[in-house]
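Down below is the structure, laid out as structure tokens.
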Amino acid sequence: MIKRLFPLLFLLVFCLSAPAHAHKVNIFAYVEGDTVHAECGFSKTKRVQGGSVHVLDAETGAVLLSGVTDDNGSFSFSIPQEARDKKMNLRLVLDASQGHRSEWVIEYSEYGGGDEPVVEESAAPVEVSSLPVENAEKLENVVRRAVKKVVVEEVAPLKKMIAEMHNEDPGLKEVAAGFGYLIGIAGIIAYLRSRKK
Amino acid sequence: MHISEGVLSAPVLVSGAVLAAGGIGMGLKHVDYDRIMSVAILSAAFFVASLVHVPVGVSSAHLILNGLLGVVLGWAAFPSIFVALLLQAVLFQYGGLTVLGLNTFNMAAPAVLCFYLFRPMLRRGNGSRFAGAFCVGFLAVLMSTVLTSGALALSGDEFLPAAKALFLVHLPVMAIEGVVTGFVYSFLSRVKPEILKGVAA
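Protein sequences, first through last, are from chains W and R.
Here the first sequence is numbered in our numbering, starting from -16 and rising by one per residue.
Here the second sequence is numbered in our numbering, starting from 764 and rising by one per residue.
In structure tokens, the structure reads:
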């Protein structure tokens, strides 16, 4: 019987080599400047289109704002001043209908680490060469801002990459693990039964 | 058709878990422990079926195969589906641990119900055997969409739109599963009828 069912199983495993989309839903969000980008997908290629995203205060659960994802499953919003003032952790809840829901938390430390929003600062560039050398404190501030801006730009693609990895479909590893567990469980039950006899 | 964590209200989750526990208990009583491997293999089939995706317009659905498990295993479909869903939750992050009970009930209860409804048909000759198995495969998925939208409705979603959406998305899945269940059942009853003891008895 086991031998006879194996062709069926192989058929199923073969179907896996085709891109498999299934119904898990994912949300991954990251901060860039004073904007939060949320990436929502069922899988890497199958994005959540028109899913609603609610941004809540993680402590009280009060809804700060809501929005809808675009065709690429992205949704961006600028961090509300209220959240900044109250040092809220933001909880993003994605509702993709038909019982599909996922959450992501952005802590205050992720966006509120600096004294002010980075992007706004860069709007007013300061001529470094015009600064008197003795004004070291000021110079340090300028350098810090510049570096921060560059780091944000450099890290952005990495954050995107992590977002994509977060949406990875289950692969052969997980499937093999599942088969292993099932055979293992059956084996244990069979063994326990045989000892009883 | 996995419902994610955090969607359903606590009473729905608890009643789902209780119902599933009852079903699993019945299942464990009915399992033929000499054929535990075939239970495991059908579990494995259910486990990977969720990765086989059926495109439906802009949306997509995956195979479920709960009817097939029902027709071969009867009550044992409950524990079999439970373990497969547990592995899907842990390894694929489909569904979740708190909704495990309700998801199990939504998938397994239609399987068992269809098994009893169509058992007379399954016992008869070749033609009606295929037809019976087709109906089990088809209706089990259909009933699962109804149960799932029912659970969502009890937690706030509107029943009819949710049920309609789930039904439409799963129509091709129902057709495919009907055919698959029909062929697998006919095949098994020809080459290995003793595995279908539950039906023949």
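Glycine included, C-beta positions come from ideal geometry on N, C-alpha and C.
Quick one, which of the options has its alpha-carbon nearest residue i's?
{"i": "F841 (chain R)", "options": "R:R882, R:S813 and R:A872", "result": "R:A872"}
{"i": "Y164 (chain W)", "options": "R:V853, R:L828, R:L915 and R:E940", "result": "R:V853"}
{"i": "W87 (chain W)", "options": "W:A12, W:V138 and W:S49", "result": "W:A12"}
{"i": "A928 (chain R)", "options": "W:S80, W:N72 and W:K29", "result": "W:S80"}
{"i": "V936 (chain R)", "options": "R:D795, R:A903, R:P924 and R:R887", "result": "R:A903"}
{"i": "H765 (chain R)", "options": "R:V815, R:L880, R:F881 and R:L865", "result": "R:L865"}
{"i": "K156 (chain W)", "options": "R:G779, R:F855 and R:Y796", "result": "R:F855"}
{"i": "L26 (chain W)", "options": "W:K69, W:I172, W:Y91 and W:D152", "result": "Inspection of the sequence shows that residue 26 (chain W) is occupied by Ser rather than by Leu. If we check each option's Cα against that of S26 (chain W), W:D152 comes out closest."}
{"i": "S35 (chain W)", "options": "W:K179, W:E22, W:R178 and W:E123", "result": "W:E22"}
{"i": "L849 (chain R)", "options": "W:G161, W:L47 and W:K142", "result": "W:G161"}
{"i": "T43 (chain W)", "options": "W:G33, W:K69, W:I62 and W:D53", "result": "W:K69"}
{"i": "Y879 (chain R)", "options": "R:L910, R:A916 and R:G895", "result": "R:G895"}
{"i": "A780 (chain R)", "options": "R:F897, R:M884 and R:T867", "result": "R:T867"}
{"i": "I166 (chain W)", "options": "R:S772, R:L791, R:K792 and R:I804", "result": "R:I804"}
{"i": "I172 (chain W)", "options": "R:Y796, R:L776, R:K792 and R:A784", "result": "R:Y796"}
{"i": "V14 (chain W)", "options": "W:K179, W:R178, W:G154 and W:V135", "result": "W:V135"}
{"i": "A159 (chain W)", "options": "R:A808, R:F881 and R:M884", "result": "R:A808"}
{"i": "L910 (chain R)", "options": "R:F897, R:C898 and R:A926", "result": "R:A926"}
{"i": "G154 (chain W)", "options": "R:P774, R:S813 and R:L791", "result": "R:S813"}
Since residue i and residue j are thought to touch, with beta carbons under 8 Å apart, how far apart are those beta carbons, to the nearest angstrom?
{"i": "G769 (chain R)", "j": "R84 (chain W)", "result": "5 Å"}
{"i": "V19 (chain W)", "j": "F60 (chain W)", "result": "6 Å"}
{"i": "I982 (chain R)", "j": "E940 (chain R)", "result": "Residue numbering for chain R in the displayed model covers 764 to 964; residue 982 (chain R) lies beyond these limits and cannot be assessed."}
{"i": "I799 (chain R)", "j": "A66 (chain W)", "result": "So it is not a contact: roughly 55 Å between Cβ atoms."}
{"i": "V978 (chain R)", "j": "G900 (chain R)", "result": "No answer is possible for residue 978 (chain R): it lies beyond the span of chain R, which begins at 764 and ends at 964."}
{"i": "G858 (chain R)", "j": "S767 (chain R)", "result": "7 Å"}
{"i": "L47 (chain W)", "j": "P63 (chain W)", "result": "5 Å"}
{"i": "L776 (chain R)", "j": "T861 (chain R)", "result": "6 Å"}
{"i": "A847 (chain R)", "j": "S801 (chain R)", "result": "Incorrect: roughly 14 Å between the Cβ atoms, too far for contact."}
{"i": "G33 (chain W)", "j": "N9 (chain W)", "result": "Not really, about 16 Å apart at Cβ, beyond 8 Å."}
Taking only the alpha-carbon atoms, compute the straight-line gap between residue i and residue j and give it to the nearest angstrom.
{"i": "M906 (chain R)", "j": "G913 (chain R)", "result": "10 Å"}
{"i": "V794 (chain R)", "j": "R30 (chain W)", "result": "41 Å"}
{"i": "L782 (chain R)", "j": "V932 (chain R)", "result": "26 Å"}
{"i": "S843 (chain R)", "j": "L75 (chain W)", "result": "35 Å"}
{"i": "T908 (chain R)", "j": "N72 (chain W)", "result": "37 Å"}
{"i": "L934 (chain R)", "j": "K7 (chain W)", "result": "20 Å"}
{"i": "V138 (chain W)", "j": "Y94 (chain W)", "result": "14 Å"}
{"i": "A51 (chain W)", "j": "D78 (chain W)", "result": "The residue asked about is misnamed: residue 51 (chain W) is Val in this sequence, not Ala. Cα-Cα distance, rounded: 10 Å."}
{"i": "S952 (chain R)", "j": "F893 (chain R)", "result": "10 Å"}
{"i": "L923 (chain R)", "j": "R886 (chain R)", "result": "36 Å"}
{"i": "N829 (chain R)", "j": "F810 (chain R)", "result": "10 Å"}
{"i": "S57 (chain W)", "j": "H149 (chain W)", "result": "14 Å"}
{"i": "A839 (chain R)", "j": "G788 (chain R)", "result": "9 Å"}
{"i": "K143 (chain W)", "j": "E957 (chain R)", "result": "54 Å"}
{"i": "C877 (chain R)", "j": "N869 (chain R)", "result": "13 Å"}
{"i": "A3 (chain W)", "j": "K121 (chain W)", "result": "Summary for A3 (chain W): the model assigns pLDDT 36, below 50, so the residue's position carries little reliability; its value from the coordinates is reported in the next sentence. Those two C-alpha atoms are separated by around 55 Å."}
{"i": "S772 (chain R)", "j": "L863 (chain R)", "result": "14 Å"}
{"i": "N118 (chain W)", "j": "A146 (chain W)", "result": "42 Å"}
{"i": "E123 (chain W)", "j": "S92 (chain W)", "result": "22 Å"}
{"i": "A874 (chain R)", "j": "K132 (chain W)", "result": "58 Å"}
{"i": "T825 (chain R)", "j": "V819 (chain R)", "result": "For the record, residue 825 (chain R) in the displayed sequence is His; it is not Thr. Approximately 10 Å, taken between the alpha carbons."}
{"i": "L938 (chain R)", "j": "D17 (chain W)", "result": "The question names Leu, but residue 938 (chain R) is Ala in the sequence shown. Whole-angstrom Cα-Cα distance: 50 Å."}
{"i": "S918 (chain R)", "j": "G82 (chain W)", "result": "10 Å"}
{"i": "R882 (chain R)", "j": "G890 (chain R)", "result": "14 Å"}
{"i": "S778 (chain R)", "j": "E90 (chain W)", "result": "35 Å"}
{"i": "V130 (chain W)", "j": "F930 (chain R)", "result": "54 Å"}
{"i": "Q851 (chain R)", "j": "A45 (chain W)", "result": "32 Å"}
{"i": "G785 (chain R)", "j": "F845 (chain R)", "result": "12 Å"}
{"i": "V127 (chain W)", "j": "L141 (chain W)", "result": "Checking the sequence, you will find Arg at residue 127 (chain W) rather than Val. Approximately 21 Å, taken between the alpha carbons."}
{"i": "V101 (chain W)", "j": "V815 (chain R)", "result": "Low local confidence applies: a pLDDT of 47 at V101 (chain W) is under 50, so the model's placement there is unreliable, and no value is given."}
{"i": "S49 (chain W)", "j": "F897 (chain R)", "result": "45 Å"}
{"i": "N55 (chain W)", "j": "P774 (chain R)", "result": "36 Å"}
{"i": "R178 (chain W)", "j": "L791 (chain R)", "result": "18 Å"}
{"i": "V817 (chain R)", "j": "A41 (chain W)", "result": "37 Å"}
{"i": "D53 (chain W)", "j": "H37 (chain W)", "result": "14 Å"}
{"i": "Y174 (chain W)", "j": "K180 (chain W)", "result": "10 Å"}
For residue i, is the beta carbon positioned less than 7 Å from some heavy atom of the ligand FMN?
{"i": "Y164 (chain W)", "result": "Among the components of this structure there are no ligands whatsoever, and the ligand FMN is therefore not found."}
* the stretch 928 to 948 of chain R in contact with the stretch 830 to 840 of chain R per 3-pair CB rule at 8 Å -> Using a C-beta cut-off of 8 Å, the stretch 928 to 948 of chain R makes contact with the stretch 830 to 840 of chain R, since at least three inter-stretch Cβ pairs fall below that distance.
* Runs of alpha helix (DSSP H) wholly within the stretch 804 to 831 of chain R (minimum 4 residues, chain order) -> Runs found: none.
* To do: Pick out the complete alpha helix (DSSP H) segments inside the stretch 846 to 891 of chain R, 4 residues or longer, and give them in chain order.
  => Whole alpha helix (DSSP H) segments, 4+ residues: 863 to 880 and 882 to 886.
* To do: Could you tell me which uninterrupted alpha helix (DSSP H) segments, each at least 4 residues in length, are contained entirely in the stretch 48 to 97 of chain W, listed from first to last along the chain?
  => Runs found: 64 to 68 and 91 to 94.
* Would you list, in sequence order, the uninterrupted alpha helix (DSSP H) runs of no fewer than 4 residues that lie entirely inside the stretch 885 to 940 of chain R? => Complete alpha helix (DSSP H) runs here, min 4: 889 to 917.
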